[in-house]
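Here the sequence shown is numbered in our numbering, starting from -12 and rising by one per residue.
The beta carbon of each residue, even a glycine, is placed where N, CA and C say it ideally should be.
From a predicted model like this one, the values you see are computed outputs, not experimental measurements.
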Amino acid sequence: MSLSTPAPTPAIKIYVDLVSPFAYAAHHILTTSPAFASTPLTIVPLFLSGVMAATANRPPLAVPAKGRYILHDFVRACRRHRVPTHAARPVPGDFPFNTLLAMRCLVALQPMVPDEEWRRVLAALFDAAWVRHETIADPEVLAGVLRGLLGGSVAEEVMRRGAGEEAKRRLRENTEEAVKAGAFGVPWMVVTAVDGSRDVVWGLDRLPLVAEMVGVEWADSPVVHVERSGETKL
């Protein structure tokens, strides 16, 4: 009598920072698309500036032409994938904003609440930054957003812990973990495929590959019509 080997479980681990427009869009798709609903998803908060420094990478905005294209591509991708953005101006005026305290607060919150609640807060902070353009780099604004999500006493405790050494250590460890996994930017994904193999994927535009790896069918966009001017419209 032979014992069969259990089939491997496809899974996705995604590293994110609130400052990244493409991490926002990838997170939104992976957490809201029915195609990925049955695929286990692990979300790891990190500090993107730490990744950039560790890998000697340059921010896209350091090259003006590249920066303009990247932001144009973000707007185009959000339209294509129906990712919500600010109605009047998709890119926040303070971009790239400092997320160090916000990311420390996120890692501080993780052991305080159930995972489902933590994910709700992460999604709400992404929305605050990229849909409502709230200045989450400002501690008072960040505290206000957290109060609305968690209540005054819990938000106060999160802010207190976010300024503490434990949150600093854990965020640094998450960042170092991503770098060891090959990350040089976000969204960085470590994907366990249907055959049990593991590979890394970078970028929003590689989500069709991620879907293929984990064995799901994802219609990555609605049908689009390209005007003669080159502007893509739904």
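Own chain, CB closer than 8 angstroms to residue i, minus 5 neighbours either side, in chain order
i       : result
Asp114  : Pro71
Pro126  : Leu88, Met146
Ile(-1) : Leu17, Phe23, Thr26, Pro27, Leu28, Thr29, Met176, Val177, Val178, Thr179, Val197, Val201
His73   : Pro79, Trp117, Val118, Arg119, His120
Val108  : Leu93, Leu96, Val100, Leu133, Leu136, Leu137
Arg235  : Residue 235 falls outside the range modelled here, since the chain spans only -12 to 221, and no answer is possible.
Residues bridged to residue i [DSSP beta-bridge criterion]
i      : result
Leu28  : Ile(-1)
Trp189 : Trp175
Nearest candidate by alpha-carbon position, reference residue i, set the options
i      : options                     : result
Glu144 : Val62, Gln97, Gly172, Gly80 : Gln97
Trp205 : Leu5, Ser25, Ala(-6)        : Ser25
Glu104 : Ile30, Phe23, Ala198        : Ile30
Arg69  : Tyr11, Leu129, Arg55        : Tyr11
Phe224 : Ala64, Pro51, Ala(-6)       : As shown, the chain starts at -12 and ends at 221. That puts residue 224 outside it, with no answer to give.
Lys167 : Pro79, Ala41, Pro174        : Ala41
Ala13  : Ala110, Pro174, Tyr56       : Pro174
Glu152 : Asp4, Pro(-5), Arg55, Arg91 : Arg91
Buried versus exposed, by CB contacts within 10 Å (16 or more), residue i
i       : result
Ala43   : exposed
Pro(-3) : buried
Ser7    : buried
Ala116  : buried
Leu48   : exposed
Gly135  : exposed
Gly37   : buried
His59   : exposed
Rounded straight-line distance, which links the Cα of residue j to that of residue i
i      : j      : result
Phe82  : Glu160 : 25 angstroms
Ile1   : Leu191 : 11 angstroms
Pro305 : Arg76  : For residue 305 there is no data in the structure shown, the boundaries of the chain being -12 and 221.
Arg45  : Ile16  : 26 angstroms
Gly80  : His120 : 8 angstroms
Leu133 : Gly139 : 8 angstroms
Phe84  : Arg106 : 21 angstroms
Glu199 : Ala130 : 40 angstroms
Cutoff 6 angstroms; reference residue i; Cβ partners in own chain excluding five residues on either side
i      : result
Val94  : Pro32, Ala154, Arg157, Leu158
Gly169 : Val187
Arg215 : Model confidence at Arg215 stands at a pLDDT of 31, short of 50, so the residue's coordinates are unreliable; what they give is reported in the following sentence. Cβ neighbours of Arg215 beyond the five flanking positions: none.
Residues near residue i in its chain [Cβ-Cβ closer than 7 angstroms; skip 5 each side]
i      : result
Val188 : Met176, Val178, Leu196, Val197
Val20  : With the sequence shown as reference, residue 20 is identified as Ser, and Val is not the correct amino acid for it. Trp205, listed in sequence order.
Ile57  : Pro47
Gly183 : Pro(-5)
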